[in-house]
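Each residue of the sequence shown is one higher than the one before, counting from 47 in the working numbering. Beta carbons: idealized from backbone N, C-alpha and C, even for Gly.
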Amino acid sequence: MTDYKLIELPYNKEDLAPGISEQVVEWHHGTHHQGYVDGLNKAEQKLQEQREEEDFSATGSLLNSFTHNFCGNVLHDIFWENMSPEGGGKPEGELMDKIEEEFGSYENWKKEFKAAAGSASGWALLVYIPQRDELHNVAVDRHDEGAVWGAHPILACDVWEHSYYHDYGPKRGDFVDSFFQLIDWTTVQDNFMEISKTFN
Ligand code: MN
47 MTDYKLIELP YNKEDLAPGI SEQVVEWHHG THHQGYVDGL NKAEQKLQEQ REEEDFSATG
107 SLLNSFTHNF CGNVLHDIFW ENMSPEGGGK PEGELMDKIE EEFGSYENWK KEFKAAAGSA
167 SGWALLVYIP QRDELHNVAV DRHDEGAVWG AHPILACDVW EHSYYHDYGP KRGDFVDSFF
227 QLIDWTTVQD NFMEISKTFN
């Protein structure tokens, strides 16, 4: 079993300011995201111990912990990697074509994603569903409640309070507007193409 490790940020922690402050990136990556990585390793280790000891008395809560921390880790990886200090603008190429096909226009997609980010108690996600060759927005509570089976997140916006409250207080919508200015569409396009190629 390979230990999970915290990904390194693809920029300096002060580089996302003013959209996301250095302090928030430091806490969010170094404390919160690290906590999911540590929780995941701990859950995996204890599950393995249960198997070796053939004692499954704590397995139920360990599996819950595995899901929570695994999903938290996956979504934070996507979140950090889909932002850049040079972000903003709009998607291009095949991803833009697909967004226009599915949502009518980029502006429509953006409004729907912002609504998802406003209602979720966790994450707003743009996902690709290979078996239907469709994009969809998904609003997720915590890291997995409301998740869609068979869907692969290609863009993730963290709307847990630790993500924005220090910088924006209750004005979550202002944070989401700043997030749009930080989206690295090249990475989102790469995620889309990679999943598309793997499944289609
Ligand atoms: Mn978070």
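Where residue i falls, given that 16 or more other Cβ within 10 Å makes a residue buried
| i | result |
| --- | --- |
| ASN237 | buried |
| PHE102 | exposed |
| ASN128 | buried |
| VAL173 | buried |
| TRP195 | exposed |
| LYS217 | exposed |
| SER209 | buried |
| PRO137 | buried |
| ASP230 | buried |
| GLY133 | buried |
| PHE159 | buried |
| PHE245 | exposed |
Residue span of the beta strand (DSSP E) that contains residue i, given as start and end
| i | result |
| --- | --- |
| VAL234 | Run containing VAL234: none in the beta strand (DSSP E); it sits in the alpha helix (DSSP H), 231 to 245. |
| ASP101 | Note, ASP101: premise wrong, no beta strand (DSSP E); not H, not E. |
For residue j and residue i, believed in contact at Cβ under 8 Å, the rounded distance
| i | j | result |
| --- | --- | --- |
| ASN115 | ALA89 | 6 Å |
| LEU201 | VAL222 | Actually they do not touch by this definition, with Cβ atoms about 12 Å apart. |
| LEU93 | THR105 | 7 Å |
| ALA162 | ALA197 | Actually they do not touch by this definition, with Cβ atoms about 13 Å apart. |
Selection from the options that minimises the alpha carbon distance to residue i
| i | options | result |
| --- | --- | --- |
| GLN167 | ILE145, GLY133 and TRP206 | Here residue 167 is Ser; the residue named in the question, Gln, does not match the sequence. The shortest Cα separation from SER167 among ILE145, GLY133 and TRP206 belongs to TRP206. |
| ILE124 | PRO199, SER107, PRO64 and GLU95 | PRO199 |
| PHE112 | GLY85, GLN177 and SER130 | GLY85 |
| GLY65 | MET239, ILE145, GLU191 and SER130 | SER130 |
| HIS182 | TYR214, LYS156 and GLU98 | LYS156 |
| TRP73 | THR232, TYR211, ILE241 and GLU240 | TYR211 |
| GLU180 | ASP204, GLU147, ARG188 and GLU191 | GLU147 |
| TYR82 | ARG188, GLN227 and THR232 | ARG188 |
| LEU242 | GLU140, LEU228 and GLU191 | Here the sequence assigns Ser to residue 242, which means Leu is not the residue at that position. It is GLU140. |
| HIS79 | TYR50, GLU95 and GLN91 | TYR50 |
| PRO56 | ASN246, PHE245, LEU228 and MET239 | LEU228 |
| CYS203 | ALA197, GLU191, TRP169 and TYR214 | TRP169 |
| LEU171 | ALA193, ASN154, SER151 and GLN177 | ALA193 |
| LEU52 | ALA185, SER165 and TRP126 | TRP126 |
Endpoints, alpha helix (DSSP H) assigned at residue i
| i | result |
| --- | --- |
| ASP143 | 139 to 149 |
For this session: With a floor of 4 residues, list each alpha helix (DSSP H) that falls wholly inside the stretch 55 to 94, ordered by position along the chain.
Result: 68 to 73
Exercise. Which parts of the stretch 155 to 240 are runs of the beta strand (DSSP E), unbroken and 3 residues or longer, counting only runs that do not cross its ends?
Worked result: 168 to 175, 180 to 187 and 198 to 204
For this session: Measuring from each Cβ to the nearest heavy atom of the ligand FAD, keep the ones under 6 Å and list them in chain order.
Result: Questions concerning the ligand FAD fall outside what the structure shown contains, since the ligands it does hold are the ligand MN.
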